[in-house]
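First up is the structure itself, then whatever we jot down about it.
Protein chains in written order, with the numbering used here: chain A, 62 to 259; chain B, 62 to 259; chain C, 62 to 259; chain D, 62 to 259.
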C-alpha cells in the first residue's frame, strides 16, 4: 500500500532525529583531573537531551496512532506530513541551543515554539482527514475531534505559558515542558494495543 | 520483489539526507546577551534549510512516482539509481555552502548545478525505462515522455537562469529556485492517490 | 502487525547508532610527516570503537531475540522499549569519552553504567512480558526467567566490577568489558536459527 | 522471515554510511573573494567522495546478491555479517583521511586495507554458506566458488598493488582503486535481474 512508503520514510526520519540528538552532547576537552567537574557542568545538557529524546519518541508514537487510521494518501497528505517532519527534524537545533544556553529565555521560547508548531501541524492533519473520509479507515468525525481538541488546547496552552515565563521564571518553563511530556507519555502508556494490526 | 530492496535503501538515504540538513545549522557561540542578534543573523541559513528540506522531499516524492511504474530492476537500473542518489546525498554540501555564504554567486551556482544534475539523472532513468518496457508496469511511452519533457525543460531552464543570474541578481536566483520548488510542490499536492498500492 | 512498526523504528535507531560511532574518530590534523605517529596514538580510540560496535551489535541481537517472542505490544511496552533505546542511543557519548580519555576512571565508569542500565532495562522488559502473557507468542515463564537471571547477574556483576576497578586497574576494567562482550557474542553465535520466521 | 530483519538492519547501515560520507566534506571558511580558489582546492576530496560513494554502493550491491542466496541465518552468520558491516561503517574514516591527505602513502594504504578486509570477509561468508547448505536457497558449491575466486583474487591483488605503490606512485594507487571499482560496477550493471524476488 502506498501509505507504507510514507510511513517507512517517516519512521526513518524519526529514528535518525532521535539518534542525532546525542551528537550535540560534545565530550569536554579538559585536563583529566577536571573531567569530573566538566561532566557535572553538562547536566543541563543531559536533562535537555533526555527531554528531547522523549519529545521525539512521543511525536513518533502519535504519528503512528494517526497513521493507523489512514487507509490511503493523496498528494496534499504527503506535503502535510512533510511539514510535520520539518518541525521534527528541526528539533536537534533548539535542543542543542537549550543545552548550550540552559536558562536563557530565547532558547526556551524557540524550543516551545517548535513544540507548538509540531502539534498544530498534527492537528491540521487530523482536520484534513476529517475532510477526506475516503483516506481513512476510521471516520475522523466531529466527536473524535471534539475529544482531541482539549488535549491539543491544554498542551499548546501550557507550552505557550512556558514560552511566556521563559523571560521571568525559566525553571518553571522547563518544568511545564517536562510535565506535559510526562502527562502525555503516561496517557499513551495506558493504551492497550496502540499499534494494532490493520 | 527485488525492487523493494532498492526502494528501502533509497528511502533510507532520503530520510538521512533530509535529517542531516539540520546539522549544518550550528548553534551560535556568543554571550547570552547577544544571542538574539546572533540568531537573527542566521535567517539566511534557516531559509536555505527550509528550501533544501523541501527540495529533498520533492525528489523523494518524484522518486516514488517513478518507482511505482517499475516492476523489476536490472543492474543498470541499480547504478542509474545510485547516480541519482549521489546527487541527492551531495545536497547537504551546497546547502551548507549557501547558508554560510548567502548572496555569493558560486554557492548559488553550485546549488543550481546539483538541482539540474539530479533532474537530468531522473530523466535519464525515464529514458531507460522507455527502452526497457519489460521492467515497467505502465509503459513509459513517447506520449508520457512528451508530457514530461516540458516540465523538465522549464524546471532546468529556470534553474539555469538562476545560475546565470547568481553573478548579477542573487536574490532573483533564490527566488527562482524557491518558485520552481513551490510550483512543483503544488503540482504534486494535487495528485489524488500518489503512492497507490501496486 | 503493530509490533513491526516498533521493530522497524528500533532497527533504524540501532543502524544509526552503530554507524555514528565512526564520527567520533576524527582524522588527525598534523603535518603529513607525523601522520604515522598521530594515527598510532589513536589506537585506544580504535579499540573503543570496535568494542562499542560489537556492544551495539550485541544489543541489537538480543533485542531481536526478545522481539521474536512478542506477538503484540501495548503502550507501556512502547515506552519500555524507548527507555531501552535511550541507553543505546547514548552509547556514542561514553564511547567518544572513553576514546578521548583512555585510562581515566570516570569515562570507564560511565561506559559501564550505560552497559548496566541497558541490561537492566532489557530485563525489566522480560519481566513485563512475564506479567503480560497475552503480548507473547512463547510464554515468558519463571523457568525461562530463571535461566536468564544468572546471565544477567554475571554480566552486570562483571560490569560493576569493571566500574569499581576503573580507579585502580583501568586496564582490567577494559579487559572485563571486552571479555563479557566476547563471551556473549560466542554464546549467541551458537544459536542455530536466531531470527526464525514467525 | 528472520533473515529479513538482518537485511533491513544491513540496508540501514549501508544507507547511513553512504550518506555520512558528505559530512567529511566541510565547507571552507574563507573570505568570499577566495571561495573559488578554496573550492578548487577541494577537488581531491570530491574525487575521494565519489570513489567512496560507489565503493559503498558496490558493497551494498554484492551484499544483496549474497543475501539473495540465503534462506535462513544462524548466530554465526549474524556475526560474520556484523564483521562485514564493521569494515563498511569504518569507511568514512579512511575516506576522510584520504580527502585530507590526498597523496600521502599511509591514507592510501589504510583505504586499500579496508577494501581488502571487506572483500575477505565477504569471501569468508561465501565459504561459510558453502559449509552450511541448509542456510541457502542455491547451493554455494565448489563450482560457484571457483568462479568467484579469480574475481576476489584479482580485486584484492590490485588493491594490494595499490597499497604497495602508495609510497612510490600514489596517483597510480588511486587509479588502481578507481579502475577495479569501475570494472566491478560495469560487471554488475550487466546482471539482468540482480535483486529478483525469492
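Every residue gets a Cβ at the ideal spot worked out from N, C-alpha and C, and that includes glycine. Owing to the predicted nature of the structure, the values given are computational and were not obtained by experimental measurement.
Checking 8 Å against the spacing of the C-beta atoms, do residue i and residue j come in under that value?
i: residue 156 (chain C); j: residue 109 (chain C); result: yes
i: residue 198 (chain D); j: residue 147 (chain B); result: no
i: residue 166 (chain A); j: residue 159 (chain A); result: no
i: residue 190 (chain C); j: residue 131 (chain C); result: yes
i: residue 238 (chain D); j: residue 213 (chain D); result: no
i: residue 234 (chain B); j: residue 223 (chain B); result: yes
i: residue 83 (chain C); j: residue 179 (chain D); result: no
i: residue 175 (chain B); j: residue 143 (chain B); result: no
i: residue 88 (chain D); j: residue 154 (chain B); result: yes
i: residue 133 (chain A); j: residue 63 (chain A); result: yes
i: residue 135 (chain A); j: residue 177 (chain B); result: no
i: residue 173 (chain C); j: residue 72 (chain A); result: no
Distance cutoff 8 Å, beta carbons only. Does residue i sit that close to anything in chain B?
i: residue 259 (chain A); result: Here residue 259 (chain A) scores only 47 on pLDDT, less than 50, and its place in the model should not be relied on; the value that follows carries that caveat. Taking Cβ atoms only, chain B never reaches closer than 8 Å to residue 259 (chain A), which makes this a no.
i: residue 62 (chain D); result: Its pLDDT being 45, under 50, residue 62 (chain D) is placed unreliably by the model, and nothing is read from it.
i: residue 216 (chain A); result: no
i: residue 152 (chain D); result: no
i: residue 96 (chain D); result: yes
i: residue 246 (chain A); result: no
Rounded C-beta distance between residue i and residue j? I'm assuming under 8 Å.
i: residue 183 (chain C); j: residue 121 (chain C); result: Not quite, the Cβ-Cβ distance comes to about 12 Å (not below 8 Å), so this is no contact.
i: residue 86 (chain D); j: residue 118 (chain D); result: Between residue 118 (chain D) and residue 86 (chain D) the Cβ distance is about 17 Å, and since that is not below 8 Å, they are no contact.
i: residue 60 (chain D); j: residue 241 (chain D); result: Only positions 62 to 259 of chain D appear in the structure, and residue 60 (chain D) is not among them; the question remains open.
i: residue 163 (chain D); j: residue 105 (chain D); result: 4 Å
i: residue 140 (chain A); j: residue 250 (chain B); result: 5 Å
i: residue 206 (chain B); j: residue 187 (chain B); result: 6 Å
Quick check on residue i: buried or exposed, where buried means 16 or more other Cβ atoms within 10 Å of its Cβ?
i: residue 262 (chain D); result: Residue 262 (chain D) lies beyond the residue range present for chain D, which begins at 62 and ends at 259; the question has no answer from this structure.
i: residue 195 (chain D); result: exposed
i: residue 90 (chain D); result: exposed
i: residue 258 (chain B); result: Note on residue 258 (chain B): pLDDT 49, under 50, position unreliable in the model; the coordinate value appears next. The residue in question, residue 258 (chain B), is exposed, as its Cβ has fewer than 16 Cβ neighbours within 10 Å.
i: residue 227 (chain D); result: buried
i: residue 98 (chain C); result: exposed
i: residue 81 (chain B); result: buried
i: residue 94 (chain A); result: exposed
i: residue 229 (chain D); result: exposed
i: residue 102 (chain C); result: exposed
i: residue 161 (chain D); result: buried
i: residue 208 (chain A); result: exposed
i: residue 66 (chain C); result: buried
i: residue 185 (chain D); result: exposed
Comparing the C-beta of residue i with each C-beta of chain C, is any distance below 8 Å?
i: residue 181 (chain D); result: no
i: residue 199 (chain D); result: no
i: residue 80 (chain A); result: yes
i: residue 87 (chain D); result: no
i: residue 253 (chain A); result: yes
i: residue 188 (chain D); result: no
i: residue 69 (chain D); result: yes
i: residue 239 (chain D); result: no
Output yes if chain D places a C-beta closer than 8 Å to the C-beta of residue i; else output no.
i: residue 162 (chain B); result: yes
i: residue 99 (chain B); result: no
i: residue 250 (chain B); result: no
i: residue 231 (chain B); result: no
i: residue 102 (chain C); result: no
i: residue 105 (chain C); result: no
i: residue 225 (chain B); result: no
i: residue 243 (chain C); result: no
i: residue 222 (chain B); result: no
Is the shortest distance between the beta-carbon of residue i and the beta-carbons of chain A less than 8 Å?
i: residue 91 (chain C); result: no
i: residue 109 (chain C); result: no
i: residue 77 (chain C); result: yes
i: residue 194 (chain C); result: no
i: residue 73 (chain C); result: yes
i: residue 83 (chain B); result: yes
**Message:** Under 7 Å, CB to CB, which of the residues in the region 112-146 of chain C have a partner in chain A?
**Reply:** 133, 134, 135, 136, 137, 139, 140, 143
**Asked** In chain order, what residues of the region 166-179 of chain A put their CB closer than 7 Å to some CB of chain B?
**Response** 167
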